[in-house]
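Counted the way this note's numbering counts, the sequence shown spans residues 4 to 1140. For glycine and all other residues, C-beta sits at the position ideal for the given N, C-alpha and C. As the structure is a computational prediction, the values presented were derived from the model and not from experiment. Structure first, commentary second.
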Amino acid sequence: MQPLAYVEPLRIASQMHPPHQKSAGSSSIASSSMLTAHSPAKRKKPAPSSSTDPQGSSIRTIPPTTKAASTASNRPLKKKTVSSNDDSLAARLQPKLSQSSWRRTKSYQHVDLSGPTRRTVLEWLPREVVFMVLHLLSFQDLHSLTWADKRIRPLVHAKSFSPWRKRLASFLHAERLYDETISLEEDSIFNASDADAPSDDEDAHAQATTNAAAATDATASRAPANRANSDHVQIEQSFVQAYADLVSAFELKSAPVDLLDLVPCLTRIWHDHDSFTTIRKWCRDFVVGRTSADHILAAVDHITAIEVLCCVRLYLALVRISRAFAQDLPPLQSARILDYNLRSAVATFFKPSAIAPLPPPGAHLAFQLTHEQARFVNRDVRPGEIIKVQAFAGTGKTRSLLAYADRRPNKRFLYIAFNKAAAEDARRRFPTHVQCRTMHSVALCQVVRAAGQEIGDLRARDVVRLLGDSLPAGQLAKTQAMATQTGRDHRLTPTAVATYVLATLQRFFYSDDATIIPDRHVPTKVATDTDLKIRAVARCAQELWDLIRQGAPDRSGKSVRCPHDAYVKLLQLQAPHHSENYFKAFDVLLLDEAQDLSAAQVSILLRAQKHCGILIVGDVFQKIYGFRGGTAKAFNERLHPSSAHFQLTKSFRFGDNVAKIATEMLGLRKPAPWERAAPRPVLSGALGTNDRVYAEANLFRDLLAPPEAEQSQFPTETPQGDGAPSQPAARQTQAIGAAATQAQGAEALATALGEGGQAVALQVGSIGEMGHSEDILTHTRIFRSNRKLCLTALALSASLPQPHKIFLKTSQSLQPDAIVTLLRDAHILYHNDSRSMSRNSLLRDFASWKDLVQRVEAEGSGETKLSLAVALGGLLASSDFLDQVALLETRFAPTEDAATVVLTTVHQAKGLEWDCVVVEDDFRPVFGNDKTQRVEVASYWHQDELNHLYVALTRAKRNLIVSRCVMHWIAAMRGLYQYRLLPSNTNLSIGRLGLCPHCNGSKHALVVREYRLACFDFLNPKCNQHRPEYKHSREPCPPTDVVGCVGCLSDPSSAAHVDALADPDLAVFVSTAPKITRQRPHAPKPHDDAAEGKHDEKAVGFKLEPAKHAFLNADHRSMKWAIMHHEYKRAVYSWLA
């Protein structure tokens, strides 16, 4: 463990205050930079005579002639705490540190820092310098530092140490606990009866009698509920008290619903500070959008800046809560945006320094391990130990494993790869003392099968032939039968029942259970969509498993084929010594991509712990093979505790922009109640800021329209001044031109595409306006499902200009020829055509389209060829479908290098990377789909889907385009756009602001709407060329729109005022921003000491009035808190509407 992460502030502090020099003012170093950042008072040396401390406690007289008393100050202070693991108890009872106890004699001697007497380097410095250095550390570093040296705890727990930062952490913690309590009780909150107050006395008496009888009968059963209710009340009271304390600290007489009181609050708190004028000016400019959050870090000292940032964040939290409990006030987007900017500035300040830039292309340098990689490479794993490495996307996991093996040439390694291709690649890269194999090859050489038994997968028709009449009969449930609409006959075909049996057996293969358990292994679709008995399905699966295990002959006399996962299961069910004997030949077991191993495979591999060390490497957030039984069970600390745990967070694939959005997506995961609370991962990129993240251009298509073409096509009738049309007329003309262009485009599309093309375009959506042949950029589009991939391929084949080609990077069973054949065979089966299908077609097993639909429903939501055929069933009815397939066949490229657009799925893209990537909009989860409506992902299924999105986002190296589903999450976390108040004719990075578009004047300040992300389209790279800010930058900038001047937007007689009222954020900004820029609050007047002495009972102070704060006197606080999240979801969707 590295106790101190920031050495640079420590070095500067040591140069400013050398240990051997002690100036007269060294006792108040922090006071020069921050008013409240004073070092805790030192204990004075006891005087020869008795005295009294400022609080009135007497100090015992110490005889000066006693030798023991003369050397008492040199003795180490004894701890009075019973347990040092209790932080709060240690902070209260541990004595204050004096100069002699902090800087001891041994501190200046040469001490072995790696030995048992290791301390931190902080004890080489004066205590005042240490106190200042601690302000520059994050709470995570402080936690590690206090465990390394517990003598620092009194400094951290001092009231003068980062008071606003600690108050922010405490308030957010109380809010998080209260929010989690409400989320667990939302069902009972909204489903509760409104009969809290009976209508008459008789109803009240009857209700009371019923409640008393129920309480008498169920006293014991209600005890846990009462305990939970008491916990909820206590958490709510704590949060309400934290809110009240915060209001008192800001001295707010009424609940803040806007940002008008922010500058006066900072004036009351920071008026005595030396940099108060700078702080006030920064706050005004920051609120109206004239400066950034991190500008204050360069204007004042860092300690003060961090405290001011945390103070402003607390005020914004009050605004967010007050508006939620006020009447008819929608959520304020500006409060969320400002809070995100402040949080990002603080996180960037405490973030470790970035690594050196990468060498130029062609430079030959030896591979050097990063600090994170070197920590785990230098750690030897001994027999019986388990070391786990959480390696995020692109962090050099394979190179680290190579370095680990190269440094230990005398040890024998067994490398377990996920598939055969990965094992072959590892054999070429790893040295000879590393044996690279897959889990299936390890199991195959240890399991003895029946004589003549072949290895291969079983089909549904094979199960029907083996089990015959043993298969149960059933039919679809009524609701499922109505949904499928396949006719009146809803009986299940034998192949559909056999599919349920195979799915049950496959889930048993993936698990580590010894027997088939009906409630665990039978798919839930059997109970919800059919009337089959789950025990009957489990019985058939057990019978089939017995046939496989015994190698029983089928009707043709051959033994039943053994699936690949079956012999792995056979090894897992054997006695442990069979596999242990195999692992005795190795010293270290390397498990790569351990998150994709099934529970049965993990059970086998961890048996090697008795004979060799195990190194588990993988990324639990890239677990996307759950349909193949992939589980992160190897990383479960409760089941398999580790001797050491490491993380690799620095990615060599992308830069900080992609790393930031990947970190935010991972931060959406809500930990389960049984999981240990751990800090959320923070990824960093080795490319710095050389990567870019864009929004899909279709989201801002109205902002990218070329105004010149529209004005020339629809000229105005009444020019003004020098012949140019007026701005309102131009806006109206642009709207008419856009509508006409859209109508003409739709008519032309309908004429060119035909019936089938229109159906494809309707399901795919617009994939962007195609540019010229020389403009289209080579890129990769990543999909979640094969259905959207095929639909996009059909759309691109009809619209992509020549000579551009498409390349499908899909699985072996979904190559271009296989997809074309599948689409033609599906068309034949759908129309019951007399033409014959292809020779080896999977659709030959089905007599009708209904059988295929039932089979796919029984298989579940797997990405197979059969499910793809059913998903495209809506297109098969079009008359020109076969013409589209024929056109698609001509647009495929033979290799990936020869293609302009690469289409792939997230499962095929795992482990690969491209320069330009588009993440399509068929990913889940979608913001607001959860029942709680919070900006988080709580359910396990949605968290698994979030892994797919994380894998897709981290495939980009240089440029990344996100679709609407990702933009919803970004808007919920960051906000979509921000309003800025700028003077007219201002020079900015986007260009020079002109006049007001409504009055053509420059008298008032302009209100500018600036979006968070720039938009781009690889199919039309010149989509931004009509934007004014594009002319002043080589790269696309975030879209910026001049809304109007303050005079027009605030004038009730202006048409722009009506538009301003439609946007709550714009209305609040127009009404408050000009007032904030004119605020010059004065410091509070000093109190008269004489008057204060005469009126002690009326001491000057703030008196909280709960009646003016809706949150403090809310009647249904829990319900309003839950409604707050629902209202915020509606607001986010309205921003992107």
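Less than 8 Å between the CB atoms is what I'm expecting for residue i and residue j, so what's the real figure, rounded?
{"i": "I627", "j": "K913", "result": "7 Å"}
{"i": "Y953", "j": "A665", "result": "6 Å"}
{"i": "F638", "j": "V661", "result": "Incorrect: roughly 24 Å between the Cβ atoms, too far for contact."}
{"i": "R287", "j": "V266", "result": "6 Å"}
{"i": "L573", "j": "I607", "result": "The Cβ separation is near 11 Å, so there is no contact."}
{"i": "S295", "j": "N344", "result": "7 Å"}
Could you tell me which residues DSSP pairs with residue i in its beta bridges?
{"i": "L479", "result": "T533"}
{"i": "L1207", "result": "One cannot answer for residue 1207 here, as it falls past the ends of the chain, which runs 4 to 1140."}
{"i": "S562", "result": "P556"}
{"i": "C1018", "result": "A698"}
{"i": "C919", "result": "N962"}
{"i": "I390", "result": "L618 and A647"}
{"i": "G914", "result": "Its beta-bridge partners do not exist; DSSP assigns none."}
{"i": "E1013", "result": "Q981 and T1043"}
{"i": "S687", "result": "K653"}
{"i": "I458", "result": "C565"}
{"i": "F895", "result": "I809"}
{"i": "R672", "result": "V940"}
In terms of residue numbering, what span does the beta strand (DSSP E) encompassing residue i cover?
{"i": "C649", "result": "Here residue 649 turns out to be Phe, not Cys, going by the sequence shown. Segment A647 to L651, the beta strand (DSSP E) holding F649."}
{"i": "D182", "result": "Run containing D182: none in the beta strand (DSSP E); it sits in the alpha helix (DSSP H), P166 to L187."}
{"i": "E699", "result": "R695 to E699"}
{"i": "F657", "result": "Per DSSP, F657 belongs to no beta strand (DSSP E) and is neither H nor E."}
{"i": "L255", "result": "No beta strand (DSSP E) contains L255, which DSSP labels as neither H nor E."}
{"i": "L594", "result": "V591 to L594"}
Would you mind sorting residue i into buried or exposed? The rule is 16 or more other CB atoms within 10 Å of its CB.
{"i": "P1055", "result": "exposed"}
{"i": "T55", "result": "Model confidence at T55 stands at a pLDDT of 38, short of 50, so the residue's coordinates are unreliable and nothing is read from them."}
{"i": "C448", "result": "exposed"}
{"i": "Y418", "result": "buried"}
{"i": "A611", "result": "buried"}
{"i": "D557", "result": "exposed"}
{"i": "W1124", "result": "buried"}
{"i": "M1127", "result": "buried"}
{"i": "V236", "result": "exposed"}
{"i": "K391", "result": "buried"}
{"i": "I809", "result": "buried"}
{"i": "L618", "result": "buried"}
{"i": "K663", "result": "buried"}
{"i": "K1101", "result": "With a pLDDT of 39 at K1101, under the threshold of 50, the predicted position of this residue should be treated as unreliable, and no value is reported."}
{"i": "H580", "result": "exposed"}
{"i": "K1132", "result": "buried"}
{"i": "N1116", "result": "exposed"}
{"i": "L474", "result": "buried"}
{"i": "V451", "result": "exposed"}
{"i": "P364", "result": "Only weak support exists for where P364 lies, its pLDDT of 49 falling under 50; the value from the coordinates is given anyway. Exposed, since its Cβ has fewer than 16 Cβ neighbours within 10 Å."}
{"i": "T634", "result": "buried"}
Can you tell me whether residue i sits near the ligand ATP, meaning its C-beta is under 7 Å from at least one heavy atom of the ligand?
{"i": "W167", "result": "Annotation note on the ligand ATP: not contained in the displayed structure, which lists no ligands."}
Could you give the residue range of the alpha helix (DSSP H) that holds residue i?
{"i": "R283", "result": "F279 to V290"}
{"i": "H138", "result": "R130 to H138"}
{"i": "F786", "result": "Segment H782 to F786 is the beta strand (DSSP E) holding F786; no alpha helix (DSSP H) there."}
{"i": "T1043", "result": "Careful: T1043 lies outside any alpha helix (DSSP H), inside the beta strand (DSSP E) at T1043 to C1048."}
{"i": "T149", "result": "F142 to A151"}
{"i": "E310", "result": "H305 to F328"}
{"i": "R271", "result": "L265 to W273"}
{"i": "E583", "result": "P579 to F586"}
{"i": "F849", "result": "From DSSP, F849 is part of no alpha helix (DSSP H); its letter is neither H nor E."}
{"i": "F512", "result": "P497 to Y513"}
Return no unless some Cβ of chain B is closer than 8 Å to the Cβ of residue i.
{"i": "P1067", "result": "The structure shown contains no chain B; it is built from a single protein chain."}
Could you tell me which uninterrupted alpha helix (DSSP H) segments, each at least 4 residues in length, are contained entirely in the stretch 930–994, listed from first to last along the chain? 943–956 and 967–977
In chain order, what are the residue ranges of uninterrupted beta strand (DSSP E) at least 3 long that sit wholly in the stretch 393–448? Listed in chain order, they are 416–420 and 437–441.
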